[in-house]
Amino acid sequence: MKILVTGGAGFIGSAVVRLAIAQGHEVMNLDALTYASCLDNVASVCDSARYHFVKADIRDRAALDDIFEKFSPTVVMHLAAESHVDRSIDGPADFIEVNITGTFNMLEAARTYWVKQGRPESFRFHHISTDEVFGSLSDDPNEKFTERTPYDPRSPYSASKASSDHLVRAWYETYDLPVILTNCSNNYGPFHFPEKLVPLIILNALAGKQLPIYGNGLNVRDWLFVEDHATALLLAVEKGTIGRSYNIGGENERSNFEIVKLLCKILDEKRPKVKGCYADQIEFVTDRPGHDARYAINPRRIYEELGWRPSVTVEDGMAKTVQWYLDNEQWWTALRQRQGVGERLGLSMST
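Residue numbers for the sequence shown, in my numbering: 171 to 521.
Shown next as structure tokens:
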């Protein structure tokens, strides 16, 4: 396949790029190189003759048309997005412009190109989204998100992603654009940008700083190792049914408090402190506004139709992740200097 990946210098996007190159595909990495992007994420494949990069913004329709014309992709994997919930609370405008308007531009550029090429049956537009569009679950372990769960977004971020999902479905129903959608649970793993929970806890622990846990720490997420997710995404775009959506989960439900304690335990083993343990640094802080209580995915459809299952347990995945951060200090040191990284965001209630 010739794959146009948007957001390929980001966390999940770079995992997709690295795996796609490893599988023998040709890849065009389209990324605006915003604060959360890093070309070091794809350094391991950048010398491949099948890897290409273009700096472009999905809000720039003319640039998108030019890229489609020159690269002639057979597949689009659309991952470019503003993704940090706390930042969406403080500044929702960027999330509306990138996640909604940017997705509209991608759909229109893809549709124009697809029609011009004679509507090839092999073409696919794969939109990658989040389980946060479904809102919040109760604590009933039998209740999980399915592909038929009604949308109920609670933050500017999740609302913007829900809007983009609806646009993609509308372009399928109205224009017959061959689309596939996936909604994933919480990703973690190597190259995770330092403002997110798992890397933030690891790096704060190593620096002797506070390990902040929002509210009572009982908010539950389903944790998905990013390399498992990348495998599922490439499988979905290659073998998924057009017009179908697939939920991708790690089957690893844990509360935020449990995750922080697990990370502390792993660090105690891998890099013990001179005195005490890392859990001594845990502090409960003011909760995020509108913090969803629980996410959990029922991934039965992708299991049964495509044969995908997660391969990494949360214990093994977190251990791999901690070791990666211990081994790659140069990578995260530079990113920690970027604006707002490591700071408490998402408490702005101004209008």
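In this text, a Cβ means the ideal position worked out from N, Cα and C, and glycines have one as well.
Because the structure is a prediction, the values reported are computed rather than measured.
- The criterion of a C-beta distance shorter than 8 angstroms is satisfied by P326 and I259.
- At the C-beta level, N374 and L381 come within 8 angstroms of one another.
- Around the C-beta of R391, 16 or more other C-beta atoms lie within 10 Å, and the residue is accordingly described as buried.
- Cβ-Cβ separation between V187 and R220: approximately 11 angstroms, too far for a contact (criterion under 8 angstroms).
- When rounded, the separation of the alpha-carbon atoms in A233 and L347 is 21 angstroms.
- For A400, the CB contacts under 6 angstroms within the same chain, skipping 5 residues up- and downstream, are A185, V186 and L189 in chain order.
- Checking the DSSP bridge columns, you'll see E397 has no partner listed.
- Taking N356 as the centre and dropping the five residues before and after it, the same chain places the C-beta of R391 and W393 closer than 6 angstroms to its C-beta, in chain order.
- In the three-state reduction of the DSSP assignment, Y205 falls in the coil class.
- Where I383 is concerned, there is no enclosing alpha helix (DSSP H), although the beta strand (DSSP E) around it starts and stops at L381 to Y384.
- Counted as a single uninterrupted DSSP element, the alpha helix (DSSP H) harbouring K240 occupies residues R231 to F241.
- Taken in chain order, the complete alpha helix (DSSP H) segments of 4 or more residues contained in the region 352-392 are 367-377.
- Counted as a single uninterrupted DSSP element, the stretch harbouring T176 is not any alpha helix (DSSP H) but the beta strand (DSSP E) occupying residues K172 to T176.
- Taking a contact as a CB-CB distance under 8 angstroms, the pair S299 and S334 counts as one, their CB atoms being some 7 angstroms apart.
- Under the three-pair Cβ rule at 8 angstroms, the region 428-441 counts as touching the region 478-489.
- Proximity of the region 461-479 to the region 305-313 meets the contact definition, three or more beta-carbon pairs being nearer than 8 angstroms.
- Nearest to H297 by alpha-carbon distance, out of G288, S253, N353 and G261, is N353.
- Comparing C-alpha distances from V285 to each of F238, T176 and R508 shows the shortest one belongs to F238.
- Residues L405 and K409 of the same chain have their beta carbon placed closer than 6 angstroms to that of L476, with the five preceding and five following residues left out of the count.
- Taking C-beta atoms under 8 angstroms as the contact rule, F395 and V482 qualify, at a distance of about 4 angstroms.
- Distance from the CA atom of G420 to the CA atom of E278, rounded to whole angstroms, is 33 angstroms.
- Assignment of F293 by DSSP, reduced to helix, strand and coil, places it in the coil class.
- Annotation for T319: F304 place their beta carbon closer than 7 angstroms to its own, counting only its chain and skipping 5 residues before and after.
- When DSSP states are grouped into helix, strand and coil, S425 belongs to the strand group.
- Annotated three-state conformation of N498 is coil, per DSSP.
- Taken atom to atom, the span from the alpha-carbon of G387 to that of I371 is near 13 angstroms.
- Residues P348 of the same chain have their beta carbon placed closer than 8 angstroms to that of E291, with the five preceding and five following residues left out of the count.
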